[in-house]
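Novice:
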Amino acid sequence: MNGDDGAVEAAREIEGSSVPQRVPAQVVYELYVGVGYSESASREVENIQSVLESRPIVGLTEDVAKHAGRIDGQLRREGGRIGQGDIKIAATAIRHDEPVITGNPADFNRIPDVEVREY
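In the numbering used here, the protein residues as written are 307 to 425.
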């Protein structure tokens, strides 16, 4: 979360709403990469855990992996690539018919059929 108050605020705002709150395992990975960069790792872990503790973590299933592969192939065919992590996150959101909530929507907006909510 790396000091991104917008991310923390967005997560807390949707707690009271009917917006699904599953978290792809890829997102957990990316959050903990931030812990590695942080000068106050224990505080960063506390922030992450406070957001994740009440949300189910969704792993990369075979169905999601197949869909992500198709998305990646389509983007490559069209001459543009985005990070595989973002593709896996988008495929997970599509599979569960849920939005991607992000502070960096540019890559997600290039993926067909994914709803993107920016904070």
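A virtual CB, placed ideally from N, CA and C, is assigned to each residue, including glycine. Being a predicted model, the structure only gives us computed values, none of them experimental.
1) Could you work out which residue in L381, V351 and S356 is closest to Y338 when comparing CA atoms only?
2) Under three-state DSSP, which class holds E384?
3) Three-state secondary structure (DSSP) at V370?
4) In whole angstroms, what separates the C-alpha of R361 from that of I388?
5) Which residues mark the beginning and the end of the alpha helix (DSSP H) in which V334 is found?
Specialist: For this structure:
1) Of the candidates L381, V351 and S356, the residue whose Cα lies closest to the Cα of Y338 is V351.
2) When DSSP states are grouped into helix, strand and coil, E384 belongs to the coil group.
3) helix
4) 27 Å
5) A331 to Y343
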